[in-house]
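In what follows, a structure is listed as structure tokens, so that the remarks can point back to it.
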DNA sequence: TAAAAAAGTTAGCTATGACTAACAAACCAA
DNA sequence: TTGGTTTGTTAGTCATAGCTAACTTTTTTA
Ligand SMILES: [Mn+2]
Ligand SMILES: [Mn+2]
Ligand SMILES: [Mn+2]
Ligand SMILES: [Mn+2]
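Chains as they are written, first to last, in the numbering used here: chain A, 411 to 638; chain B, 411 to 638.
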């Protein structure tokens, strides 16, 4: 049982598809992921996705039946986790050592994650003294591919009166991240849900003696741990 | 006169062709570079090179007449120099911070040089406190694209009795670099040419109280500054 | 339960960047 | 100066990875 997936036989595109499918699958393990959903997530056409899925099935990274939902094999999952590890280590490096801001790291990490070298990433990990979290609060998988997804609650799923702590944020949108910084939210912020307005689903929150009204859409991208 | 070349419109292949042509052109500015020579250097077919050259001419990075030799435009040259800057900064980073050896850095740098981000490379430069030379002794072009190629002499071009100092080595071959390390040669080594044997062009050299016999081919890849 | 909508698939097209084989121009050397 | 070698070009093929348009299957909803 060799543990290291062979990252060297995959193209950038193949890697991105596997990672995307993994991300969609862990959001909610009960909901199945379909071809078109994957296409939309990757911003490509359903036809392109169908094509690529066919290829990745032939390589035994994905399993699915015709017209059925998609799932990853163990090897497909290992490749995705390894890619996520690389992505998050690079984000951490850019943020901690190269003066990149919260919202600048993702796009460059999206390129750096595809550099093929085991030594590079393991040495980068050592250089930074094995960081556990990336700048957005996400857990960095270790070199063995161990990756325990910590249970995350969306801020949008809480109720009035709840108190929580900010654990992580979605890192895909520059606009969103700038917005988070601007209103003063940061990792570990303690947030209280003051009021949820039925009319437009807006949420009134309090943190660090600040009161803000945020939209449901915004709250969907903020992950928290419930405290009270 | 905008100075920053627009690196963002070029594919990895286009970049590699421009860099290769630049490298061939600076070896000896008097000798012209042809299509097939470029093909051989890049280890692709003459037809592929012809194709790419056509594209790079259309983009105004290369000039040449039909059946004529190739030259770079100022913009083509700027892109090549910027790529070399990136390559050498990454090699320096891998060598000085990530425990890569002399012979391991090149292949990974060959990938890293194509990451598109001005901030990344300029911050990396700052992080390392603006290094002047890469691990193989090559000069690192600065952020303005200034790049004075220091006059280099091949060890193979010296005569018996000459004394020189090792300035840099070709970084393309892992086998060659391992060989250099193994016999104990290093940057700044002081080398004396003891004897040149006409029969097989082998060269007897002395350095650090060591006497070695090297081949002409080996000496072709070692660059020195003549001292005596 | 039948029609409509959504989801998935297929066929055929495009661009990039390789390749080989065949051909044309330029250069060299007898 | 002319024939052969080297160099450069063109045509046609392949793989990757996108796309649109048309089609089929599945799911939903009236
Ligand atoms: Mn990210
Ligand atoms: Mn990516
Ligand atoms: Mn190199
Ligand atoms: Mn390269």
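Note that the Cβ used here is the ideal one computed from N, Cα and C, for glycine as well.
Would residue i and residue j be called neighbours here (beta carbons separated by less than 8 Å)?
i, j, result
"residue 497 (chain B)", "residue 519 (chain B)", "yes"
"residue 538 (chain B)", "residue 510 (chain B)", "no"
"residue 443 (chain A)", "residue 452 (chain A)", "no"
"residue 573 (chain B)", "residue 632 (chain B)", "no"
"residue 458 (chain B)", "residue 468 (chain B)", "no"
"residue 577 (chain A)", "residue 562 (chain A)", "yes"
"residue 620 (chain A)", "residue 582 (chain A)", "no"
"residue 499 (chain A)", "residue 525 (chain A)", "no"
"residue 615 (chain B)", "residue 608 (chain B)", "no"
"residue 566 (chain B)", "residue 512 (chain B)", "no"
"residue 432 (chain B)", "residue 487 (chain B)", "yes"
"residue 508 (chain B)", "residue 534 (chain A)", "yes"
Measuring only the C-alpha atoms, how far is residue i from residue j?
i, j, result
"residue 558 (chain B)", "residue 505 (chain B)", "23 Å"
"residue 413 (chain A)", "residue 585 (chain B)", "With a pLDDT of only 44 at residue 413 (chain A), under 50, the local geometry of the prediction cannot be trusted, and no value is derived from it."
"residue 596 (chain A)", "residue 484 (chain A)", "35 Å"
"residue 428 (chain A)", "residue 480 (chain A)", "11 Å"
"residue 625 (chain B)", "residue 471 (chain A)", "49 Å"
"residue 460 (chain B)", "residue 579 (chain A)", "49 Å"
"residue 606 (chain A)", "residue 612 (chain A)", "6 Å"
"residue 501 (chain B)", "residue 553 (chain B)", "16 Å"
"residue 463 (chain B)", "residue 617 (chain A)", "59 Å"
"residue 424 (chain B)", "residue 603 (chain A)", "53 Å"
"residue 635 (chain B)", "residue 543 (chain B)", "15 Å"
"residue 522 (chain A)", "residue 610 (chain B)", "47 Å"
"residue 575 (chain A)", "residue 564 (chain A)", "11 Å"
"residue 478 (chain B)", "residue 528 (chain B)", "35 Å"
"residue 474 (chain B)", "residue 630 (chain B)", "29 Å"
"residue 430 (chain B)", "residue 439 (chain B)", "14 Å"
"residue 441 (chain A)", "residue 540 (chain A)", "33 Å"
"residue 418 (chain A)", "residue 536 (chain A)", "22 Å"
"residue 587 (chain B)", "residue 548 (chain B)", "14 Å"
"residue 516 (chain A)", "residue 446 (chain A)", "24 Å"
"residue 456 (chain B)", "residue 599 (chain B)", "39 Å"
Which residues in chain B sit within 7 Å of residue i, going by Cβ to Cβ distance?
i, result
"residue 534 (chain A)", "508"
"residue 522 (chain A)", "525"
May I ask you to report which of helix, strand or coil DSSP gives residue i?
i, result
"residue 499 (chain A)", "helix"
"residue 428 (chain A)", "helix"
"residue 586 (chain A)", "helix"
"residue 602 (chain B)", "strand"
"residue 612 (chain A)", "strand"
"residue 633 (chain B)", "strand"
"residue 535 (chain A)", "helix"
"residue 481 (chain A)", "strand"
"residue 515 (chain B)", "helix"
"residue 440 (chain A)", "coil"
"residue 638 (chain A)", "coil"
"residue 576 (chain A)", "strand"
"residue 623 (chain B)", "strand"
"residue 558 (chain A)", "coil"
"residue 454 (chain A)", "coil"
"residue 593 (chain B)", "helix"
"residue 459 (chain B)", "helix"
"residue 525 (chain A)", "coil"
"residue 489 (chain B)", "helix"
"residue 628 (chain B)", "helix"
"residue 472 (chain B)", "strand"
"residue 618 (chain A)", "coil"
Going along chain A, which residues have a C-beta under 8 Å from residue i?
i, result
"residue 537 (chain B)", "507, 508"
Identify the contact partners of residue i in chain A, using a Cβ-Cβ distance below 9 Å as the criterion.
i, result
"residue 496 (chain B)", "None at all; the shortest Cβ gap to chain A is about 13 Å."
"residue 518 (chain B)", "525, 526, 527, 529, 530"
Residue i versus chain A: which residues are under 7 Å apart at the beta carbon?
i, result
"residue 442 (chain B)", "The premise fails here: residue 442 (chain B) is roughly 35 Å from chain A at the closest Cβ pair, so nothing lies under 7 Å."
Rounded to whole angstroms, how far is the Cβ of residue i from the Cβ of residue j, which I believe are closer than 8 Å?
i, j, result
"residue 420 (chain A)", "residue 489 (chain A)", "7 Å"
"residue 555 (chain A)", "residue 492 (chain A)", "6 Å"
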